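Read in order, the letters of the sequence shown are residues 8 to 177 in the numbering used here.
Virtual Cβ for every residue (Gly too), placed ideally from N, Cα, C.
Owing to the predicted nature of the structure, the values given are computational and were not obtained by experimental measurement.
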Amino acid sequence: MILWFASVLVALFWLLDARLSWFDNQGRLQQQVSHGEVEERLKPLLERTVGDLSAVVVHVFSEDCPCNWRTRSHQQLIQRRVTERAGRNVELDIDQHEALKAYIPSTPAVIIFDDNEQLIYLGPYADGAFCNTESSFVEALLPQLSAGTAAPKGGWINTVAKGCYCAVAI
Numbered sequence: 008m009i010l011w012f013a014s015v016l017v018a019l020f021w022l023l024d025a026r027l028s029w030f031d032n033q034g035r036l037q038q039q040v041s042h043g044e045v046e047e048r049l050k051p052l053l054e055r056t057v058g059d060l061s062a063v064v065v066h067v068f069s070e071d072c073p074c075n076w077r078t079r080s081h082q083q084l085i086q087r088r089v090t091e092r093a094g095r096n097v098e099l100d101i102d103q104h105e106a107l108k109a110y111i112p113s114t115p116a117v118i119i120f121d122d123n124e125q126l127i128y129l130g131p132y133a134d135g136a137f138c139n140t141e142s143s144f145v146e147a148l149l150p151q152l153s154a155g156t157a158a159p160k161g162g163w164i165n166t167v168a169k170g171c172y173c174a175v176a177i
């Protein structure tokens, strides 16, 4: 019985791990980061689509991504917390915004700007098989949304997470 249970656990772990991928699997975003101009190039693209970037959280998804359901409850929690902090939530389907694909290697993803329109974070919501609040990258950053202090230039551009993500084709 113990051997059977251990075998089932190993098989489950293997199946879950096989479905996980790196957020920036091809190094596209990392290459942009190394050039040091991600925020300067990303902001004008988002301003044309979203408008004012002050205290805004942009939730980026792809309609076809099967990982959306794993992130949905976490995303809804973040949306409530953003609203509580007088921030604004915007949802964008990456397939409707071709120019953003250079900066979003996988979905679901999130982009956060503080009340000074400085980039706080760009990357996945979380990592791991379930991408939930226990493995969240975003939760600890939300107080910066409207803290009145500028985020460090360039913010945190997370390229090294492994979880349930769908690669964005350019």
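Residues near residue i in its chain [Cβ-Cβ closer than 8 Å; skip 5 each side]
i	result
Asn165	Phe30, Tyr128, Leu129, Gly130, Pro131 and Phe144
Leu99	Thr56, Val57, Val65, His66, Val67, Phe68 and Leu107
Presumed contact (8 Å Cβ cut-off) between residue i and residue j, rounded CB distance
i	j	result
Ala62	Asp121	7 Å
Gly170	Leu36	Actually they are not in contact, since the Cβ atoms of Gly170 and Leu36 sit about 15 Å apart, beyond 8 Å.
Pro115	Thr90	At roughly 19 Å, the Cβ-Cβ gap does not stay under 8 Å, so Pro115 and Thr90 are not in contact.
Glu54	Gly162	Going by Cβ atoms, the distance from Glu54 to Gly162 rounds to 16 Å, so no, they are not a contact pair.
Ala109	Ile177	7 Å
Residues of its chain near residue i, where Cβ-Cβ distance is below 6 Å and the 5 sequence neighbours each way are ignored
i	result
Ile111	Val67, Ile101 and Val175
Asn96	Val64, Gln86 and Val89
Gln39	Val45
Ala168	Phe30, Pro131 and Asp134
Trp21	For Trp21, the pLDDT reaches just 46, beneath the cut-off of 50, and the residue's location in the model is therefore unreliable, although a value from the coordinates is still provided. The answer is none, since no qualifying residue turns up.
Lys50	none
Neighbourhood of residue i by C-beta, 7 Å cutoff - its chain only, sequence neighbours within 5 removed
i	result
Ala93	Ala62 and Ser153
Leu19	Any reading at Leu19 needs caution, since the residue's pLDDT is 48, under 50, leaving its predicted position unreliable; the model's value is listed next. Cβ within range, chain order: n/a, list empty.
Alpha carbon of residue i to alpha carbon of residue j, nearest angstrom
i	j	result
Leu60	Glu124	5 Å
Asn75	Gln82	9 Å
Asp24	Ser113	Model confidence at Asp24 stands at a pLDDT of 48, short of 50, so the residue's coordinates are unreliable; what they give is reported in the following sentence. When rounded, the distance between both Cα atoms is 17 Å.
Asp71	Gln33	20 Å
Ser142	Ile118	17 Å
Arg88	Leu149	8 Å
Ser41	Arg48	13 Å
Met8	Tyr172	35 Å
Glu146	Ala136	18 Å
Glu105	Leu52	10 Å
Gly43	Pro73	32 Å
Along the chain, which unbroken stretches of the alpha helix (DSSP H) at least 4 residues long are found entirely within the segment 58-146? Along the segment 58-146, the alpha helix (DSSP H) occurs as fully enclosed runs of 4 or more residues at 75-91, listed in sequence order.
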